[in-house]
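Here is the structure we will look at, set down as structure tokens.
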Amino acid sequence: MAFSELLSLTGEARREIISRHRAQGVAIPFDDGVIIAPGVAIAPGAVILPGTVLLGSTSVGAGAVLNNVQAEDSEIGPDCEIGPWVRLRPGTVLGANLRIGNFVEIKNSEIGDGTKISHLSYIGDATFGENVNVGCGLAVANYGGTPGVKHRTMVGDGAFIGCNNSLVAPVELGPGAYTAAGSTITEDVPEGALAIARARQVNKEGRG
Numbered sequence: 007m008a009f010s011e012l013l014s015l016t017g018e019a020r021r022e023i024i025s026r027h028r029a030q031g032v033a034i035p036f037d038d039g040v041i042i043a044p045g046v047a048i049a050p051g052a053v054i055l056p057g058t059v060l061l062g063s064t065s066v067g068a069g070a071v072l073n074n075v076q077a078e079d080s081e082i083g084p085d086c087e088i089g090p091w092v093r094l095r096p097g098t099v100l101g102a103n104l105r106i107g108n109f110v111e112i113k114n115s116e117i118g119d120g121t122k123i124s125h126l127s128y129i130g131d132a133t134f135g136e137n138v139n140v141g142c143g144l145a146v147a148n149y150g151g152t153p154g155v156k157h158r159t160m161v162g163d164g165a166f167i168g169c170n171n172s173l174v175a176p177v178e179l180g181p182g183a184y185t186a187a188g189s190t191i192t193e194d195v196p197e198g199a200l201a202i203a204r205a206r207q208v209n210k211e212g213r214g
């Protein structure tokens, strides 16, 4: 987060920016904890709820609802519902009609229209298509083992990612692909295929 930018936003400057956005048709019903940097663009009809911090060159589309969101140098499309407790790091581009829920962090990624990432997930250096459904607890493992090297993950339109998954980049899920809950995906998944990548359960009787 640009700390120097926050320092420049005195109480008076913060109130002036919020008042300007309100006058332009942005709904900010309560300004508790709301910080909007001078370079942020918000379309009329967007709703900014308490705890939201928008920095850098972030843009917000019409009809988007942001609830306790921290975003820096990110694009948020129209009619998205984001939050609470969501962090959008630089390079994040969100399409239209997305649902990004509790405790989700996204970095340097493009997310297509209609995709749902409901809660407890990290997505970094990835491209997700349209109408993808992400179960809770997804982790995109994007680190390449060398400082500064990040591999990319690709997810096709209509894919379904099960709960508690890891996608180990570089990896690609084709359109309509499914992954089973608890899977660690290390190889590409073809279009329409189901990937199951977990050990078989073994019960040992008499443990106690």
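Each position in the sequence shown, counted from 1, maps to that position plus 6 in the working numbering.
Ideal placement from N, C-alpha and C gives every residue a C-beta, glycine not left out.
Counting only the same chain and skipping the five closest in sequence on each side, list residues whose C-beta sits under 7 Å from that of residue i.
{"i": "D37", "result": "I24"}
List the DSSP bridge partners of residue i.
{"i": "V195", "result": "L179"}
{"i": "V140", "result": "I123, I167"}
{"i": "Q76", "result": "V59, R93"}
{"i": "F134", "result": "I117, V161"}
{"i": "S172", "result": "A145, T190"}
Sorted by chain position, which residues of the same chain lie with C-beta nearer than 8 Å to residue i's C-beta, five sequence neighbours on each side aside?
{"i": "M7", "result": "Its pLDDT being 46, under 50, M7 is placed unreliably in this model, and the coordinates cannot settle the point."}
On a Cα-Cα basis, can you pick out the residue from the options that is closest to residue i?
{"i": "N114", "options": "N148, A199, G180, Q30", "result": "N148"}
{"i": "Q207", "options": "G188, L200, P196", "result": "G188"}
{"i": "L72", "options": "G45, P96, I41", "result": "I41"}
Sorted by chain position, which residues of the same chain lie with C-beta nearer than 6 Å to residue i's C-beta, five sequence neighbours on each side aside?
{"i": "E81", "result": "S65, V99"}
{"i": "R21", "result": "none"}
Taking the Cβ atom as the reference point for each residue, do residue i and residue j lie within a distance shorter than 8 Å?
{"i": "P176", "j": "A165", "result": "no"}
{"i": "I202", "j": "N171", "result": "no"}
{"i": "L94", "j": "F109", "result": "no"}
{"i": "L173", "j": "V146", "result": "yes"}
{"i": "E197", "j": "G162", "result": "yes"}
{"i": "G118", "j": "G101", "result": "yes"}
Please classify residue i as buried or exposed, where buried requires at least 16 other C-beta atoms within 10 Å of its C-beta.
{"i": "T152", "result": "exposed"}
{"i": "L55", "result": "buried"}
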